[in-house]
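Trainee: I'd like to ask some things about the structure below.
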Amino acid sequence: MFWSKPTSLVLAMDSPLRVEDPKYEGIKHFVFKLLLFYSKQSKAIRGANVIYGRVMSQVEKPAIYNAFNLEKTFKTTFSLLVLHMWLCLRRLKEEGKEGVELGQYLYELYNHDVELRVSKAGVNLLLHKWMKDLEKIFYGNIVAYDAAMLPEAKQDEFPNVIWRNVFSDDGSDMPNDSALRVVQACSYLAMNINL
């Protein structure tokens, strides 16, 4: 399932999630063109904003916390955000150079948002240190998710990584029996999501 060919990320024309750039004509089109509104970079930035908005709408939904019996804390929200970002960045990477460039804009939006979240959580002193620590966690999680998806990874490696990064409060390696089904459901959804 993970070795299949990537499919188009374009939404159907009648999709309610589809976001279109405004169509200006005449002098407005000319002015916006001069202001580089239609440049490749500008379009990529707008696209990254749309993708990040959708990521945040998923991470902020109360249903995800209820379904997986998660407490809505900074750690949990951050862990879910990293998992969603990994899914998006992994999928964008399959699109080649343009997908990687779009992923970089997406990552910059993520960094800015995390910095705002840390500030809102009351961390004003040592903000730079917190951001470095969160960046290490982000990259550590991304590497762990990628490693768990390799063909040579153990069969239950991905659920274990999900457990450690999202569910485990004490850093334990294995979930207990009652939490195992929830972790397996979450990892199944993450592995089979169709972006």
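For the sequence shown, UniProt numbering puts the final residue at 195, and the numbers step up evenly by one.
We put the CB at the ideal spot given by N, CA and C, even for glycine.
#1: Might you give, ordered along the chain, the residues of its own chain that have their beta carbon closer than 6 Å to the beta carbon of Ala121, omitting 5 neighbours on each side?
#2: How long is the line joining the alpha carbons of Val50 and Lys28, rounded to whole angstroms?
#3: The alpha helix (DSSP H) spanning Gln58 covers which residue range?
#4: Between the region 78 to 85 and the region 132 to 151, do three or more beta carbon pairs fall short of 8 Å?
#5: Going by other Cβ atoms of all chains shown within 10 Å of its Cβ, with 16 needed for buried, is Gly96 buried or exposed?
#6: From the DSSP output, in three-state form, read off Met1 for me.
#7: Could you work out which residue in Asn66, Ile142 and Asn160 is closest to Arg91 when comparing CA atoms only?
#8: State buried or exposed for Ser4, treating a residue as buried only when at least 16 other CB atoms are found within 10 Å of its CB.
#9: Assuming Ser79 contacts Val166 (C-beta within less than 8 Å), just tell me the rounded distance between them.
#10: So Ala144 is in the alpha helix (DSSP H); what residue range does that whole segment cover?
#11: Give the range of the alpha helix (DSSP H) segment to which Leu102 is assigned.
#12: Would you kindly work out how many angstroms separate the C-alpha atoms of Asn66 and Trp130, rounded to a whole number?
#13: Taking Cβ positions, are Ala144 and Arg164 nearer each other than 9 Å?
#14: Excluding the five sequence neighbours on either side, which residues of its own chain have a C-beta within less than 7 Å of the C-beta of Glu101, listed in chain order?
#15: In whole angstroms, give me the CA-to-CA distance for Leu81 and Glu152.
#16: Mind checking which residues open and close the alpha helix (DSSP H) that includes Val166?
#17: DSSP three-state label for Glu25, please.
#18: Ends of the alpha helix (DSSP H) at Phe74?
#19: Leu134 and Val161 look like a contact to me (Cβ under 8 Å); what is the Cβ gap, rounded to whole Å?
#20: Please tell me whether Gly47 and Tyr110 are closer than 9 Å, where the distance is taken between their beta carbons.
Mentor: Taking the structure as given:
#1: Phe74
#2: 23 Å
#3: Lys40 to Glu60
#4: Yes, they touch.
#5: exposed
#6: Low per-residue confidence applies at Met1: pLDDT is 39, beneath 50, and the placement is therefore not dependable, though the value from the model is reported in the following sentence. Reduced to three states, the DSSP call for Met1 is coil.
#7: Ile142
#8: In this prediction, Ser4 scores a pLDDT of 48, lower than 50, which makes its location untrustworthy; the coordinate-derived value is nonetheless stated afterwards. Burial call: exposed.
#9: 4 Å
#10: Leu127 to Met149
#11: Lys97 to Lys120
#12: 28 Å
#13: Yes.
#14: Ala44
#15: 27 Å
#16: No residue range can be given for Val166, since it is assigned to no alpha helix (DSSP H) and is classified by DSSP as neither H nor E.
#17: coil
#18: Per DSSP, Phe74 belongs to the alpha helix (DSSP H) from Phe74 to Lys93.
#19: The pair is not a contact, with the Cβ atoms about 18 Å apart (cut-off 8 Å).
#20: no
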